[in-house]
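Enquirer: What follows is a single structure, and I will ask about it in a moment.
Numbering (the working numbering), first residue to last: 1 to 83.
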């Protein structure tokens, strides 16, 4: 699968996972997406705090569905920050 991460930055992704962001206190504080690249590297992103947890979770799931169904997806429009 291919993901556009930025202008001119397309990477082959082996897998992608949506996870709740938990800093260890047991409370969910956001949504995280982890990408495992073909070479084994892992890219981790979290949704901006300006996006409600419910919305970020749904956005992440919709992104992963598009990636799986089409084999490619544009990540540049997602309001995320790299961990």
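We put the CB at the ideal spot given by N, CA and C, even for glycine.
Let's see if you can read the secondary structure: which residues bound the beta strand (DSSP E) around residue 21?
Expert: That run of the beta strand (DSSP E) goes 9–22.
Enquirer: Roughly how many whole angstroms lie between the Cα atoms of residue 52 and residue 74?
Expert: Roughly 21 Å between the two C-alpha positions.
Enquirer: Taking the beta carbon of residue 71 as the centre, do at least 16 other beta carbons fall within 10 Å, making it buried, or is it exposed?
Expert: When all chains shown are included, residue 71 counts as exposed.
Enquirer: Please return the same chain residues whose Cβ sits closer than 8 Å to the Cβ of residue 22, not counting the five positions on each side in sequence.
Expert: Here the set comprises 28, 29.
Enquirer: Checking the sheet assignment: what are the DSSP bridge partners for residue 45?
Expert: Beta-bridge pairing links residue 45 to 33, 82.
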